[in-house]
Amino acid sequence: MQAKGRHGNFKRLVIFCFVVLAVFKMVLGEIRYSIPEEMQKGSFVGNIAKDLRLGIKELSDRAARIVSRGKIQYFALDLKTGNVIIKEKIDREEICRQASQCLLYVDIIVQDTVKIYAVEVMIQDINDNSPTFLNEQIALKISETTPPGVRYLLLDARDPDVGNNSLQSYQLSNSSTFTLDVQIGDDGVKYAELVLEKSLDREQQAVHILTLTATDGGDPVRSGTTQIHVIVLDANDNAPVFNQSVYKADVLENVSVGTVVVTLNATDKDEGINSEVTYQFRKITDKASHIFQLNSKTGVISVVGNVDFEESEIHEIEVQANDGGLSARCKVFIQVINLNDNVPELTVTSFFSPIAEDSPPGTTVALLNVHDRDSGENGRVTCSISGNLPFRLQKSSDIYYNVLTNRHLDREQVLEYNITVTATDKGTPPLFTIKSILLLISDKNDNPPTFAKSIYTVYVTENVPPGTSIYSTKATDLDSGQNSRITYSVIESQLREAPLSSYVSINSETGVMYAERSFDYEQFRDFQIHVKAEDGGSPSLKSNITVNIFIVDVNDNFPEILYPSFPTEGSTGVELVPRSCDPGYLVTKVVAVDADSGQNAWLSYILLTSSEPGLFIVGLHTGEIRTARLFLDKHSVKQILVVLVRDNGQPPLSATVTVTVMITDSIQEILSNLSSFSSSIDTESNLTLYLVIAVATISCFFFIFIIVLLAIKLRKWKGSQLFESPNVNFSSFPSTQYIGVDGVRAFLQTYSHDLCLTTDSGKSQFKYPNSSHSNTLAVNQVSQKQSSSDPITEALNIRDEDLNLFQYETYTECIGHHVLIFNIQRCMLVSVKFT
5 MQAKGRHGNF KRLVIFCFVV LAVFKMVLGE IRYSIPEEMQ KGSFVGNIAK
55 DLRLGIKELS DRAARIVSRG KIQYFALDLK TGNVIIKEKI DREEICRQAS
105 QCLLYVDIIV QDTVKIYAVE VMIQDINDNS PTFLNEQIAL KISETTPPGV
155 RYLLLDARDP DVGNNSLQSY QLSNSSTFTL DVQIGDDGVK YAELVLEKSL
205 DREQQAVHIL TLTATDGGDP VRSGTTQIHV IVLDANDNAP VFNQSVYKAD
255 VLENVSVGTV VVTLNATDKD EGINSEVTYQ FRKITDKASH IFQLNSKTGV
305 ISVVGNVDFE ESEIHEIEVQ ANDGGLSARC KVFIQVINLN DNVPELTVTS
355 FFSPIAEDSP PGTTVALLNV HDRDSGENGR VTCSISGNLP FRLQKSSDIY
405 YNVLTNRHLD REQVLEYNIT VTATDKGTPP LFTIKSILLL ISDKNDNPPT
455 FAKSIYTVYV TENVPPGTSI YSTKATDLDS GQNSRITYSV IESQLREAPL
505 SSYVSINSET GVMYAERSFD YEQFRDFQIH VKAEDGGSPS LKSNITVNIF
555 IVDVNDNFPE ILYPSFPTEG STGVELVPRS CDPGYLVTKV VAVDADSGQN
605 AWLSYILLTS SEPGLFIVGL HTGEIRTARL FLDKHSVKQI LVVLVRDNGQ
655 PPLSATVTVT VMITDSIQEI LSNLSSFSSS IDTESNLTLY LVIAVATISC
705 FFFIFIIVLL AIKLRKWKGS QLFESPNVNF SSFPSTQYIG VDGVRAFLQT
755 YSHDLCLTTD SGKSQFKYPN SSHSNTLAVN QVSQKQSSSD PITEALNIRD
805 EDLNLFQYET YTECIGHHVL IFNIQRCMLV SVKFT
């Protein structure tokens, strides 16, 4: 039944606290809660969501949390219900000691909006402490001569509770000799005095044992007891007397152990043992008892613990002096002088890292909590950021600072910042605390891929196999992660009506370009591609470059002989050289071209073989075949020359051509040699022989027709000056052709040799001019008549008397695939290819 009553009283106390809380909130407009001490962990304090008018979900989304202003976090915030609950057990006496009001301050921080709400929690005292005496036993020595009515001050009981829960009364056990008188001092504290009601008789009773009970006003009532042993002594009629009733002393905090604070002095007029005074603490707090000690013989109070101004600014102590029977008391006030002995405490309450590099100026980076346990100027703290960093501090409340961005950030310039915040107090000397915060900068795709150059030149050897790496492009991106991942591609276009991708491809990851086919320098020598580099950001950034690819020539083409044609084609060049020509006489010229370029197309001409070595030489770079010395009768009419044409490539390529040279001054010898030559060449093919005969026959008829036509015209021009002149000079001019082979122009010159047909000693012969080094030769007038036995005149049926009247216009002889044309009128022998 008694337990139910106690539970009901506690319940009414809690309800009363909440009613008081509601009244405070309505009157003051602040968030304030009131709870009794010693509540269990997890107990309900208040619903902050309701008091802040925030939804529970909104409270969670905004990442609200609670921070206590102190070392111990007594409260916690339940985001599921919005309730403030007890995290650590609260002992009011430990926190506030004897203070009339005990308040705990906490802050509700809403991180999303960086708002701070101050909350006060009033801790209500409960009767959880019983009154206690400093000593379990009190010894009083009273002289038997002491008259009735003498009062003896007893030690006070201590009760850490406040209000009605503190000490309220004293009771003394039943005694006929002593009574108890409870007095109230100027400070409102009750103290008990033992009053002697009647004289003592040591011989009747030497010791009186009394029980002193101290009770508080709590519900239920708590009490504490101590025993009083009254020892009856012989006469001691003078009590000790202090030289002053109140002692005051100042002591610096954090003084060393053993420092003397104050020395008490009490004297007794008695003599002997009755005059010996001893000192003892009569009233002292638990905290002070661990800081100061009293020498019972000398009355010296010294320091034995840590004196801390922040824990207690003043210590009030009562000291009692005893002479063995009588006693006196005094008060000691010890004032602690504050020193700047506490460094500021700097705590990072909220920290947002990493932060995007495109964050606008004024973005919150961190929330700092600053606290200094010192007081006054020693406890005033200012904060600053070291270095020239793009951040600033903004004070949001007395103990909170916001770290804000001061300008735009660029991750490509600075990847991270080590923000050093210094908190300095105003003490002398000032104390400071340094806190470093490592802030990472997150990347944004604000840098496109960059190449070293906008135009690249690449040289690729022709005929490289497909899949060969021809060049490696490289772009850089100052961003990081996916934003710096570069993909390469070739911008599609057309090259010779084919997609550019069919010629060149690129590795999208490495930027290495590969040949998709072999290149031919003779088809095209350069082309242009555009390479695109694109990063992986969103949206992606890109850049382009131009790559000019030049094909480098390789010696992969053999020299091509344009004149004279190759024997493999079934033809051979036949050149006529007079036997009487001088050394250096130009026989013919080998003309060749090479489809390559540069030194691969530089041609050299070398005489490989000759029927009779030493008769002819070939110009190394011109290809001109000239006579090396005079011909002798022993030299064969027909000379076979093999000329090698070689380029200057590595390795060199070459081709050969066979040139037949006829050395003779007699046309019969020429014809016989030509016939034998034709026969030797045409033995392999009867079809060629038949063709030669057919062409020869047609040529004969053609000559006859021309001769008849000329005879008619000559008769009409009989009186012309042309036939009256004793000498007629004709000039032969070489014809020149330029043949282009893929941009290379080869000079081709058909060399023609002038000759004259005369009659001498019954046989025909050709007369060559004396000079053999000129392309223009003079023609001598026919001085002798050709005999009727000349085979040419017989074949053409030309009369001797008409020989001086006209000249042969044309005589044609077919040999193989070449036609020899004797132009008698112009004295020119032309060798042309017959096709």
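The opening position of the sequence shown corresponds to residue 5 in my numbering, with each subsequent residue numbered one higher.
Each residue gets a CB set at the ideal place from its N, CA and C atoms; glycine is no exception.
Rounded to whole angstroms, the separation of the alpha carbons of S608 and L619 is 20 Å. Under the three-state reduction of DSSP output, Y37 falls in the strand class. The shortest C-alpha to C-alpha distance from I441 to any of T454, Y421, P452, T432 is the one to Y421.
DSSP places S64 inside the alpha helix (DSSP H), whose first and last residues are 60 to 65.
By the C-beta density criterion, H319 is buried, having at least 16 other C-beta atoms within 10 angstroms. In the three-state DSSP reduction, I710 falls in the helix class (H, G or I).
Using a Cβ distance threshold of 9 Å, V281 and N326 count as a contacting pair.
Counting C-beta atoms within 10 angstroms of its own C-beta, L612 has fewer than 16 neighbours from the protein chains shown and is therefore classed as exposed. Looking at the backbone, the Cα of I697 and that of I711 are separated by about 21 Å. Taken through DSSP and simplified to helix, strand or coil, N561 comes out as coil.
CA-CA distance, K448 to V494, rounds to 26 Å. Between V418 and Y405, the CB-CB gap reaches or exceeds 9 Å.
According to the DSSP assignment, I490 belongs to the beta strand (DSSP E) that extends over 490 to 494.
Beta bridge pairing from DSSP links D651 with L607. Unbroken beta strand (DSSP E) runs of no fewer than 3 residues, entirely contained in the stretch 271 to 347, are found at 282 to 287, 296 to 298, 304 to 307, 318 to 326, 331 to 341, following chain order.
Exclusion of the five residues before and after V347 leaves L435, T437 as the residues of its chain whose Cβ lies within less than 6 Å of its Cβ. Spanning the alpha carbons of N247 and V336 requires a straight line of approximately 13 Å. Residue L371 holds the alpha-carbon nearest to the alpha-carbon of S357 among G380, T351, L371.
Looking at the DSSP output, A122 bridges to D111. Contact between the stretch 78 to 87 and the stretch 374 to 385 is absent: fewer than three C-beta pairs spanning the two stretches fall below 8 Å. Shown here, L442 sits in a strand according to DSSP, grouped into three states.
L371 has S354, N406 as its beta-bridge partners, per DSSP. A direct Cα-Cα distance of roughly 6 Å separates N269 from G303. As computed with DSSP, T219 is found in a beta bridge with S173, S227.
Taking 9 Å as the cut-off, the beta carbon of I35 is found closer than this to the beta carbon of V123. Minimum Cα-Cα distance from K478 among the listed residues H212, A537, Y507 corresponds to A537. Between N240 and L330, the beta carbon gap of about 6 Å places them in contact (Cβ cut-off 8 Å). Taking 3 residues as the shortest admissible run, the stretch 454 to 519 contains the following complete beta strand (DSSP E) segments, listed from N- to C-terminal end: 459 to 465, 473 to 476, 490 to 494, 508 to 510, 516 to 519. Closest in C-alpha terms to S316, from the list A292, N548, E322, G328, comes A292. Judged by DSSP in its simplified three-state form, N552 adopts strand. 9 Å or more divides the Cβ of T472 from the Cβ of Y507. Using a Cβ distance threshold of 9 Å, L81 and I60 do not count as a contacting pair. In the displayed model, Y694 falls within a helix according to three-state DSSP. I142 sits close to I232, with the two beta carbons spaced by under 9 Å. Judged by DSSP in its simplified three-state form, A103 adopts coil rather than helix or strand. The three-state secondary structure of A210, taken from DSSP, is coil.
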